[in-house]
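Visitor:
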Amino acid sequence: GAGVSQSPRYKVAKRGQDVALRCDPISGHVSLFWYQQALGQGPEFLTYFQNEAQLDKSGLPSDRFFAERPEGSVSTLKIQRTQQEDSAVYLCASSLGWGDSSNQPQHFGDGTRLSIL
Amino acid sequence: RKEVEQDPGPFNVPEGATVAFNCTYSNSASQSFFWYRQDCRKEPKLLMSVYSSGNEDGRFTAQLNRASQYISLLIRDSKLSDSATYLCVVNTNAGKSTFGDGTTLTVKP
């Protein structure tokens, strides 16, 4: 596809359930990022992949959060035993990632709006 | 204190006005800087990169002051379609991005 694709767009789950959010980055993009955005705030970094390697997971709020990108393309963010405070928009972004990746802008998907009841 | 700070606004301006947003960052190792635009319930979209020498793209001008760790965005001749939240973004090495909480702009007829 032309852009970053995320699914589902909306997810409602009961507290305690596990959820899985999918991100399909732009073809050829090496770097993939996950962010959590609460209402009225900017996106907060969760984790970062370069190909299949998870280089930084310092932003994951607890061990209930887990992300993977096994083949270096599609990524899944999994949240186990969901809590109400997990309700947020989860954004995925990708960038080319080669060379000096700090200069490369990120392209965002539409996000998954997660509501925990 | 957040790593990237912005005045949340809201800024309410008439069409045609000039408006400026400021952003400060605390990590002196920051390497690259961007402004993103986010419309309500939409994803952030890149507006422009910010270069040390300052750069302009049509009605938009971005400035960077590394010594003061300060970034600005100037919008001239504002349009109704400029109404959005503007996010300041700072990248460290390897591309990790830190976002400000955004400044909300409303342009009124």
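These protein sequence lines map, in sequence, to chains A and B.
In case it helps, my numbering puts the first sequence at residues 1 to 117.
In case it helps, my numbering puts the second sequence at residues 1001 to 1109.
Where is the CB? At the ideal position from N, CA and C, for every residue including glycine.
(1) If the cut-off is 9 Å on Cβ atoms, which residues from the segment 20-39 of chain A count as contacting chain B, listed in chain order?
(2) Could you pull out every residue in the same chain whose Cβ sits closer than 6 Å to the Cβ of B/T1098, ignoring the five residues on either side in sequence?
(3) At a CB distance below 7 Å, what residues from the segment 77-93 of chain A approach chain B? Give them in sequence order.
(4) So what's B/L1080 in DSSP terms, helix, strand or just coil?
(5) Please work out which residues of its chain come closer than 6 Å, Cβ to Cβ, to B/A1017, disregarding the five sequence neighbours upstream and downstream, and give them in chain order.
(6) Quick one: what does DSSP say A/E71 is sitting in, helix, strand or coil?
(7) List the residues of chain B whose Cβ lies closer than 7 Å to the Cβ of A/G42, in chain order.
(8) Can you tell me whether A/T52 is helix, strand or coil according to DSSP?
(9) Run through the DSSP bridge pairs and tell me what B/P1014 is partnered with.
(10) Can you tell which of B/C1023, B/Y1036, B/S1030 and B/T1024 has the C-alpha that lies nearest to the C-alpha of B/S1083?
(11) Taking 8 Å as the threshold (beta carbon to beta carbon), is A/Y48 in contact with chain B?
(12) Closest to A/A93 by C-alpha separation, out of A/L77, A/D86, A/V12 and A/E85, would be which residue?
(13) To which residues does DSSP link A/H107 through a beta bridge?
(14) Are A/T82 and A/G16 close, meaning C-beta to C-beta below 8 Å?
Guide: This is what the structure holds:
(1) Of all residues in the segment 20-39 of chain A, those with a C-beta nearer than 9 Å to a C-beta of chain B are S31, F33, Y35 and Q37, reading in chain order.
(2) On the second sequence, residue 1098 of chain B is found 98 positions in, with the first residue counted as 1. Once the five neighbours on either side are set aside, the close Cβ partners of B/T1098 are E1003, V1004 and V1090.
(3) From the segment 77-93 of chain A, only L91 have a Cβ closer than 7 Å to chain B.
(4) For the purposes of this step, residue 1080 of chain B is taken as the residue at position 80 of the second sequence. If DSSP states are grouped into helix, strand and coil, B/L1080 belongs with the helices.
(5) The residue given as residue 1017 of chain B occupies position 17 in the second sequence. The answer, listed in chain order, is S1078.
(6) Numbered from 1 along the first sequence, position 71 holds the residue referred to as residue 71 of chain A. DSSP places A/E71 in coil when its eight states are reduced to three.
(7) To locate residue 42 of chain A, count along the first sequence from 1; it is residue 42. Within chain B, L1087, F1099, G1100, D1101 and G1102 have C-beta atoms less than 7 Å from the C-beta of A/G42, given in sequence order.
(8) Within the first sequence, residue 52 of chain A is the residue found at index 52, counting from 1. As written in the sequence, residue 52 of chain A is Glu, which differs from the Thr given in the question. Of the three classes helix, strand and coil, the one that applies to A/E52 here is coil, per DSSP.
(9) Residue numbering aside, residue 1014 of chain B sits at position 14 when the second sequence is read from its first letter. B/K1108.
(10) Reading the second sequence from its first residue, position 83 is the one you call residue 1083 of chain B. Nearest option by C-alpha distance: B/Y1036.
(11) If you number the first sequence from 1, residue 48 of chain A lands on position 48. Cβ-Cβ to chain B under 8 Å: yes for A/Y48.
(12) Here residue 93 of chain A is taken as the residue at index 93 of the first sequence, counted from 1. Ranked by Cα distance from A/A93, the first of A/L77, A/D86, A/V12 and A/E85 is A/L77.
(13) Position 107 of the first sequence, counting from 1, holds the residue named residue 107 of chain A. BP columns for A/H107 point to A/S94.
(14) By one-based count along the first sequence, residue 82 of chain A stands at place 82. By one-based count along the first sequence, residue 16 of chain A stands at place 16. Closer than 8 Å, so yes.
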